[in-house]
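Reading through the structure tokens given below for one structure.
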Amino acid sequence: MTELVLTPSQTSGPLFGFCLLFDGSDRAVPHDAGDDPAPVTLAGTVVDGGGNPFGLPRGLIEVWHGRQWARARTDADGRFRVYLSRPEPGRAPDGQFLAPYFNVAVFGVGLLKQRITRVYFPDEPEANQKDAVLRLVPEEDRGKLTGTLDHDGTLHFRIVLQGPGETPTFGW
Amino acid sequence: MTTQVEPLDFNPPYLYPDYRSTTVAAPSRPSVMLPRDWFEFGEGPAFGRIPVRPGDNDLVNGNGGRPQGQRVVLSGRVLDADGRPAPDVLIEIWQANASGRYVDSVDLQFQPADPYFVGAGRTLTDSLGRFSFRTIRPGAYAGLRGGEFRPSHIHVSVFGWSLSTRLITQCYFEGDPLISRDAIAQSVGDPRGLDRLIAKLDFDANEPGDLDCALAYHWDIVLRGPRATPTEAAR
Chain A
1 MTELVLTPSQ
11 TSGPLFGFCL
21 LFDGSDRAVP
31 HDAGDDPAPV
41 TLAGTVVDGG
51 GNPFGLPRGL
61 IEVWHGRQWA
71 RARTDADGRF
81 RVYLSRPEPG
91 RAPDGQFLAP
101 YFNVAVFGVG
111 LLKQRITRVY
121 FPDEPEANQK
131 DAVLRLVPEE
141 DRGKLTGTLD
151 HDGTLHFRIV
161 LQGPGETPTF
171 GW
Chain B
1 MTTQVEPLDF
11 NPPYLYPDYR
21 STTVAAPSRP
31 SVMLPRDWFE
41 FGEGPAFGRI
51 PVRPGDNDLV
61 NGNGGRPQGQ
71 RVVLSGRVLD
81 ADGRPAPDVL
91 IEIWQANASG
101 RYVDSVDLQF
111 QPADPYFVGA
121 GRTLTDSLGR
131 FSFRTIRPGA
141 YAGLRGGEFR
151 PSHIHVSVFG
161 WSLSTRLITQ
171 CYFEGDPLIS
181 RDAIAQSVGD
191 PRGLDRLIAK
201 LDFDANEPGD
211 LDCALAYHWD
221 IVLRGPRATP
231 TEAAR
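Residue numbers (our numbering), protein chains in the order written: chain A, 1 to 172; chain B, 1 to 235.
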């Protein structure tokens, strides 16, 4: 048997929009509309290592949780907005507790492979305390994975790709 | 006689200075490592959300005329990390036209447009993991920085059955001398990894017949992680 080689990642480049973005790609439709939890707008900002916006046309964002998924491009100021519903707490495959969160993947110019990070809810301090993933993050970095909520339920999240304040990246 | 062997992983690093944009985008700190299977559970993504219609894998026809360029059929299989065919995987592709221009709104629009070519396609793998696109060979084009010249490439986005299988990559064409001078391609340090990104001419599979027939290229995609069986997925 020959060795099986995984397909390596490559950058998305800057010119993906005409294929990957479509009407409604920034909006996750709940699979089970009957039990629909509260809607959440995730409003993110992505900043590069020079302190500049990771802005149009550099950034492609995907946000996931369970069956929820949304995709957007960063604007000139490095901002993006996606519309989802509030996730429930869950369990890792080994049974450990997971607080509500969204996976956030950043692709784009200068990213030969995606950066995977997570955003947590600031109004879930007890759940976040027990979260199996946050416990693996150095304590001083956990706050960088917690968004801020404004009065209309928008969850704001700042992603720093490099340098002081760098947002933790997850891998396996 | 399936032998369980760990597949070879030649993913590029975050920081690869020859591709200069990485110097402001690469993390300066190591990743927080999670158990691998935490990325391998859960529902697949969002298929229903991304519309795939019959004919979406044909980039040559359907735009009101005959696009310029060499017709190409790019086909292959999607496999999981155990080498098993992966059905129902969503593949999205995008590419430049024959002169190197993209339809995307942020393209610099230096190269000429082709009114009969868009360059975006989608398909789902069949029950044997197979896919096929009919397109034209994209033009190689110069980069913004002096001395850069990208080889012919098709951008490929793959959605498998879990977060671990999410992949965006590029497909190159066998024999293109620009591959050896391209920083993005060369960021894959091991020749075996780079070889995985290069579609091979499959001359015997060329479309038979008339003047419009396409050159056939074969390209397989191997995703991270074993594919859950339906039983496992239902747990």
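Beta carbons: idealized from backbone N, C-alpha and C, even for Gly.
Bear in mind the structure is a predicted one, so any value in this text is a computation, not a measurement.
Query raised in the report: Where does the unbroken beta strand (DSSP E) through A/Asn103 begin, and where does it stop?
Result: 101-108
Query raised in the report: Measuring CB to CB, does A/Gly171 end up less than 9 Å from A/Ile116?
Result: yes
Report task. Leaving aside the five residues before and after B/Gly143 along the sequence, list all residues of the same chain whose C-beta is less than 8 Å from its C-beta, in chain order. Result -> Phe149, Arg150
Requested in this report: Compute the distance between the beta-carbons of B/Val222 and A/Val5, then report whether it is under 9 Å.
Outcome: yes
Report task. Determine the direct distance from the alpha carbon of B/Leu201 to that of B/Ala216, and round the result to whole angstroms. Result -> 6 Å
Query - Sub-9 Å separation of A/Ala28 and A/Val106 beta-carbons - result: no
**Report entry** Identified DSSP bridge partners for B/Ile50
**Finding:** For B/Ile50, which the question treats as bridged, DSSP gives no partner whatsoever.
Query - Cβ pair B/Gly100, B/Gly55 closer than 9 Å - result: no
Requested in this report: Just tell me which of A/Trp69, A/Asp75, A/Trp64 has its CA closest to the CA of A/Gly55.
Outcome: A/Asp75
Query - Exposure of B/Gly119, with buried meaning 16 or more beta-carbon neighbours within 10 Å - result: Residue burial is scored here from C-beta neighbours: B/Gly119 has at least 16 other C-beta atoms within 10 angstroms and is therefore classed as buried.
Requested in this report: Reducing DSSP to helix, strand and coil, say where B/Ser180 ends up.
Outcome: Under the three-state reduction of DSSP output, B/Ser180 falls in the helix class.
Requested in this report: List the endpoints of the continuous beta strand (DSSP E) containing B/Cys171.
Outcome: 167-173
Query - For A/Gly171, the three-state DSSP class (helix, strand or coil) - result: strand
Query raised in the report: What is the C-beta distance between A/Ser12 and B/Ile168, in whole angstroms, given that I count them as a contact (C-beta under 8 Å)?
Result: 5 Å
Report task. Decide yes or no for the touch test of the region 43-58 of chain A against the region 184-192 of chain B: beta carbon pairs closer than 8 Å, at least 3 of them. Result -> Not touching, per the Cβ criterion.
Query raised in the report: Taking Cβ to Cβ, would you say B/Ser31 is nearer than 9 Å to A/Thr169?
Result: yes
**Report entry** Any chain B beta carbon closer than 9 Å to A/Ala33
**Finding:** Bear in mind that the predicted position of A/Ala33 carries a pLDDT of just 48, short of 50, making it unreliable; the figure below should be weighed with that in mind. No - not a single Cβ of chain B is within 9 Å of the one on A/Ala33.
Query raised in the report: Under 9 Å Cβ-Cβ, which residues of chain B neighbour A/Asn128?
Result: Residues of chain B passing the Cβ test: none, with the nearest at roughly 15 Å.
Query raised in the report: Using the C-alpha atoms, what's the distance from A/Tyr101 back to A/Cys19?
Result: 28 Å
Query raised in the report: Which residues in the same chain have their Cβ closer than 6 Å to the Cβ of A/Phe157, if we skip the five residues on either side of it in sequence?
Result: Gly44, Val119, Gly147
Query raised in the report: Can a CB atom of chain A be found closer than 9 Å to the CB of B/Tyr19?
Result: yes
Query raised in the report: In chain A, what lies closer than 7 Å to B/Gly139 by C-beta?
Result: Neighbours of B/Gly139 on chain A: none; closest Cβ ~13 Å, over 7 Å.
Query raised in the report: What number of angstroms, rounded off, separates the C-alpha of B/Tyr19 from the C-alpha of B/Ala26?
Result: 11 Å
Query raised in the report: In whole angstroms, what separates the C-alpha of A/Ala132 from that of B/Asp182?
Result: 41 Å
Query - Beta-carbon neighbours of B/His218, restricted to chain A and to distances below 8 Å - result: Those within 8 Å of B/His218 in chain A number zero; the least Cβ separation is about 14 Å.
Query raised in the report: Between which two residues does the alpha helix (DSSP H) carrying B/Leu23 extend?
Result: In the sequence as presented, Leu is not what sits at residue 23 of chain B; that position holds Thr. Unbroken alpha helix (DSSP H) run through B/Thr23: 22-25.
Query raised in the report: Is DSSP giving B/Gly193 helix, strand or coil here?
Result: Three-state DSSP puts B/Gly193 in a helix.
Query raised in the report: With DSSP run on the structure shown, which of helix, strand or coil describes B/Arg29?
Result: DSSP places B/Arg29 in the coil class of the three-state scheme, outside both helix and strand.
Query raised in the report: The alpha helix (DSSP H) with A/Pro125 in it runs from where to where?
Result: It spans 125-130 - the alpha helix (DSSP H) in which A/Pro125 sits, taken as one unbroken run.
Query - Where A/Asn103 falls, given that 16 or more other Cβ within 10 Å makes a residue buried - result: buried
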